[in-house]
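The sequence shown begins at 1 in the numbering used here and counts up one residue at a time.
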Amino acid sequence: MNSAIPEIPSLFLDILLSQVDRMLGHRSLNRLLRRAGLTEFAGRLPPEDGTPGITVETWSNVLADIYDTFGAEAAQSVFLEAGRLAAVEVRRQQAPQWTITATALRLLPVERRIRLVLEGFAEQSEAAFGAPHYLYAGPDGYQVEIPDCPHCTEISRRCAAEQRRLDRPFCDIVAASLGETLEWALGRRCLVEEVSCIAAGQASCRFRFIP
Ligand SMILES: [Zn+2]
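Encoded structure:
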């Protein structure tokens with residue numbers, strides 16, 4: 001393996017494949033693994049930890065394969081659940097850092113808490129996926145922008161090559177992770193909407209949270 005190519009933590013792939021298995025069935029998982037050229041994981045999913053797993057390119061391929069194999073609706077369900085679980089698992093594995101954060105957060109006003117959590121999320125996601133994330137505070141809430149989104153690269157490429165366009169945003173996995181992290185910090189239900197997505201023809205992937 002070429003060590004110059006950065007790899008994303010293994011737990012993301014483990015959680016994603018586990019959700020395909022759980023929600024769509026074992027045969028679907030095997031079908032996906034064959035299509036994605038990842039049969040090494042049939043019967044033995046990657047470890048659920050921070051060890052380097054797959055390249056960002058492979059990650060984006062698997063997401064596109066899930067979409068193209070099982071359809072938009074099934075893919076969305078898998079992405080939402082995988083995103084939520086990944087946020088929980090990352091926090092659990094980095095427990096000491098998050099415990100300090102949680103204690104400090106409780107003392108802060110809500111607005112400041114939201115900002116800190118979004119900054120932390122952007123930083124963590126940037127490190128895991130090797131793509132810059134930007135945080136903006138606008139009149140209608142905070143937005144996280146990912147101009148070179150590592151999740152929808154491959155589906156966007158396929159759409160361009162096949163002259164199709166998705167009629168809704170693709171990167172539910174990010175929206176769900178962000179939503180879960182905010183819920184944890186604020187102790188209430190939080191909805192994050194992907195307001196623009198490269199896969200749907202827009203210039204960048206942007207996620208909005210209305211406090
Ligand atoms: Zn995207």
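C-beta atoms are modelled at their ideal positions from N, C-alpha and C, and glycine is treated no differently. These numbers were taken from a predicted model, which means no experiment stands behind them.
Query                                                                                                      : Result
Alpha carbon of A127 to alpha carbon of S18, nearest angstrom                                              : 23 Å
8 Å CB neighbourhood of M23 in its chain, flanking five on each side removed                               : A74, S77, V78, E81
Option in V144, V90, G138, G53 with minimal Cα separation from L118                                        : V144
The stretch 194-209 in contact with the stretch 157-170 per 3-pair CB rule at 8 Å                          : yes
From P47, A87, L29, residue whose alpha carbon lies closest to that of D65                                 : L29
Short Cβ contact (7 Å threshold) for A185 with L105                                                        : yes
Counted within 10 angstroms of its Cβ, other Cβ atoms place T153 as buried (16 or more) or exposed         : buried
Cα-Cα separation, P211 to G43                                                                              : 43 Å
With 16 other Cβ atoms within 10 Å as the buried cut-off, status of A72                                    : exposed
For Q163, the first and last residue of its enclosing beta strand (DSSP E)                                 : First-last for Q163: undefined, no H or E at that position.
Reference V20, options F70, F207, P52, closest by Cα                                                       : F70
As assigned by DSSP and simplified to three states, the class of S204                                      : coil
For G130, the nearest candidate out of C149, G138, R112 (CA to CA)                                         : C149
Cβ-Cβ separation, R208 to G141 (assumed contact under 8 Å), whole Å                                        : 6 Å
Candidates V174, I155, R158, R157, of which the one nearest I146 by Cα                                     : V174
Burial state of D14 (16 or more Cβ within 10 Å)                                                            : buried
E180, buried or exposed, once every other Cβ within 10 Å from all chains shown has been counted against 16 : buried
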